[in-house]
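Undergrad: First, the structure itself, so that you have it in front of you.
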Amino acid sequence: MTTSAQNPATPAAAVVNFRTVDLRGQNLTLAGLRAAVPRAQGHTVADAEEKVLDIISDVRRRGFEALAELALRFDGVQQDHPLVPREALTSALEELDPSVRRALEESISRARRFADSQRPRNVDVQLGDGAVVSQNWVPVRRVGLYVPGGLAVYPSSVVMNVVPALAAGVGSIALASPPQKEFGGLPHPTILAAAALLGITEVYAIGGAQAVAAFAYGVAATETGPALEPVDVVTGPGNIYVATAKRLVKGVVGIDSEAGTTEIAILADATAQPRLVAADLISQAEHDPKAASVLITDSEELAAAVRAELDRQAEATKHSDRVRDALSGPQSGTVLVDSLEQGIAACDAYAAEHLEIMTADAPGVAARIRNAGAIFVGDFSPVSLGDYCAGSNHVLPTSGTAAFSSGLNVTTFLRAIQVVNYSRDALAEVSGHIVSLSGAEDLPAHGDAVTARFA
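Take the position in the sequence shown, starting the count at 1, then add 135; the result is the number in our numbering.
Quick look at the structure:
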């Protein structure tokens, strides 16, 4: 493997220092591929744990007092109680730009149609006369949904969190988003409007790891406002601190995935259009200076053309400084491979949050991918579509966790409960097997509990 921080063909004054990782001529194992692909250096979940543990401990110990101090420290907001008044939700919806409202309504409609199709059916299986085993899907009691609000505003994340929770039948939904000083300590009005549009009335002006802690452990009532009741599941994207907090409270509550700082990988061959590849890499880089944008290709010519497009487009985009930082970071770059076969292996090793396929046979290649939060097939399925209006969900696992985690969906908010209903005769039919197996495990009381029913 060779890596270069600067490509020989790139001018010294290049806008973007998009590095290259050359895997050609190598036969790497899965572990070798995972070590070779671009990843963030430092400022990982492990690095953030100490700070996040302190925040969680403080919120558990001091409740709303701690939340008020954290709002002042991180957001510059004086706060008596973080619960957003219902009239603020109503007025935000009334004042919402009509074009944004129409866009949100379309996004909600598409997300709802897809979510409604995801709910699994209950199953009853008769294993013999009087022997029935069932699996019933039941929604969790209460959920806490997090919507980020740092460098950008994400009403789309309100849609992505709320719609599958409603489709699952969750009865109690709370939502948190960071307080904004310029809006009187409330979350951004577009966030509030999106919540109101979906009928969510319990909204808190709480950001970051402290929101996750408040959801997981609850916060007692004070003279200034009511209690925040603990939830059963916490979902939603966020920065490294939100992802770390979700990891740390997992086990106290369920989580969707560690949906941290965004990332995109694009698997492309020589048929791909460099300007589209570059545009999509930039679209995710504008989220955060730590965002990851990775091109995986077997075409050195395409890689060079994409670098030139990145220089041109990054200079022209609104958030050019943020984009340059993200594209020039160690988490971003080009991975050169010998073939699409090796490219597919590299994609599975990387396990991207968003994976675009821009190849001659994009559907065929997409069908061979095992590890990705979401796959976007062909020139007309950009990640931006999934971010807003595809109908799919944009709350997806990051940092390689797509190898074992799924994106947010209806089953995130459901539990499968198995129900066993045997008659006397049905139990008698298998009682001898139960006695034999319990004896083999040296747990004779298990067998005794069965034979006692026939004594």
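For glycine and all other residues, C-beta sits at the position ideal for the given N, C-alpha and C.
Taking only three categories from DSSP, how would you classify GLU436?
TA: Residue state, collapsed to three classes: helix.
Undergrad: What alpha helix (DSSP H) runs, 4 residues minimum, are completely inside the region 457 to 487?
TA: 475 to 485
Undergrad: Pull up the distance between the alpha-carbon of ALA575 and that of ALA166, whole angstroms please.
TA: 40 Å
Undergrad: Look at the Cβ atom of ASP391, then the Cβ atom of LEU543, and state whether they are nearer than 8 Å.
TA: Yes, the pair counts as a contact, with Cβ atoms nearer than the cut-off.
Undergrad: Can you tell me where the beta strand (DSSP E) with SER312 in it begins and where it stops?
TA: Looking at the DSSP string, the run of the beta strand (DSSP E) that includes SER312 is 307 to 312.
Undergrad: Quick check: what's the CA-CA separation for ILE510 versus HIS581?
TA: 48 Å
Undergrad: Pick from GLU476, ARG457, ASP473, TYR557: whose alpha carbon is nearest that of ALA287?
TA: Nearest to ALA287 by C-alpha distance, out of GLU476, ARG457, ASP473, TYR557, is ARG457.
Undergrad: Counting only runs that start and end within the region 507 to 573, where is the alpha helix (DSSP H) found for 4 or more residues in a row?
TA: 518 to 523
Undergrad: Which first and last residues belong to the beta strand (DSSP E) in which GLU398 is found?
TA: 398 to 403
Undergrad: Using the Cβ count rule (16 or more neighbours within 10 Å means buried), how would you classify LEU430?
TA: buried
Undergrad: Here's the rule I'm using: 16 or more other beta-carbon atoms within 10 Å means buried, otherwise exposed. How should ASP367 be labelled?
TA: buried
Undergrad: Is DSSP giving GLY582 helix, strand or coil here?
TA: DSSP places GLY582 in the helix class (H, G or I) of the three-state scheme.
Undergrad: Would ALA302 and ARG254 be called neighbours here (beta carbons separated by less than 8 Å)?
TA: Their beta carbons are under 8 Å apart, which means ALA302 touches ARG254 by this criterion.
Undergrad: By Cβ distance below 7 Å, which residues in the same chain neighbour ALA329 in space, the five residues on each side in sequence not counted?
TA: LEU239, PRO290, VAL293, VAL294
Undergrad: Which runs of the alpha helix (DSSP H), 4 residues or longer, sit entirely within the region 171 to 216?
TA: 180 to 197, 199 to 210
Undergrad: Helix, strand or coil: which one does DSSP assign to THR379?
TA: helix
Undergrad: I'd like the list of long-range same chain contacts for ASN296, defined as Cβ closer than 8 Å, with 5 residues on each side in sequence excluded.
TA: LEU280, TYR281, VAL282, LEU310, THR370, GLY371, VAL530, LEU543
Undergrad: Which ranges does the alpha helix (DSSP H) cover as unbroken runs of at least 4 residues, wholly within the region 334 to 386, from first to last along the chain?
TA: 343 to 352, 375 to 384
Undergrad: Between which two residues does the alpha helix (DSSP H) carrying ASN296 extend?
TA: 290 to 303
Undergrad: Determine, using beta carbons only, whether LYS186 comes closer than 8 Å to chain C.
TA: As a matter of chain content, chain C is missing from the structure shown, which is built from one protein chain.
Undergrad: Residue range of the beta strand (DSSP E) that ALA266 falls in?
TA: Looking at the DSSP string, the run of the beta strand (DSSP E) that includes ALA266 is 266 to 274.
Undergrad: What number of angstroms, rounded off, separates the C-alpha of GLY373 from the C-alpha of VAL585?
TA: 51 Å
Undergrad: ILE399: which of ARG459, ALA405, ALA331, ALA487 sits nearest, CA to CA?
TA: ALA487
Undergrad: Could you tell me the alpha carbon to alpha carbon distance between GLN141 and PHE153, rounded to whole angstroms?
TA: In this predicted model, GLN141 has a pLDDT of only 43, less than 50, meaning its place in the structure is not dependable; the value taken from the coordinates is given anyway. Roughly 7 Å between the two C-alpha positions.
Undergrad: Quick one: what does DSSP say THR225 is sitting in, helix, strand or coil?
TA: helix
Undergrad: Taking contact to mean 3 or more Cβ pairs, one atom from each stretch, closer than 8 Å, check whether the region 202 to 218 and the region 313 to 321 are in contact.
TA: Cβ pair count under 8 Å is three or more, so yes.
Undergrad: Less than 8 Å separating the beta-carbons of ASN271 and VAL554?
TA: yes
Undergrad: Under 8 Å, with one C-beta from each stretch per pair, do the region 409 to 418 and the region 373 to 389 reach the 3-pair mark?
TA: Three or more beta-carbon pairs separated by less than 8 Å are not found between the region 409 to 418 and the region 373 to 389, which leaves the two stretches without contact.
Undergrad: Who are the near neighbours of ILE243 in its chain, counting only those whose CB is closer than 8 Å to its CB and skipping five residues on each side?
TA: VAL294, VAL298, LEU332, LEU333
Undergrad: Out of GLN419, SER540, ALA183, point me to the one whose CA is closest to VAL377's CA.
TA: ALA183
Undergrad: Note down, in chain order, each residue of its chain lying with its Cβ closer than 6 Å to the Cβ of GLU444, except the 5 sequence neighbours on either side.
TA: Close CB contacts of GLU444 within its chain, under the 6 Å cut and outside five residues either way in sequence, are with PRO409, ARG410, ALA413 (chain order).
Undergrad: Express the C-alpha separation of SER519 and LEU205 in angstroms, rounding to a whole number.
TA: 33 Å
Undergrad: Are the beta-carbon atoms belonging to PHE548 and ALA300 less than 8 Å from one another?
TA: yes
Undergrad: Measure the CB-CB distance between LEU224 and GLY360 and report whether it falls below 8 Å.
TA: no
Undergrad: Below 8 Å between beta carbons: does that hold for LEU402 and ILE341?
TA: no
Undergrad: Answer with buried or exposed for THR396, where buried requires no fewer than 16 other C-beta atoms within 10 angstroms of its C-beta.
TA: buried
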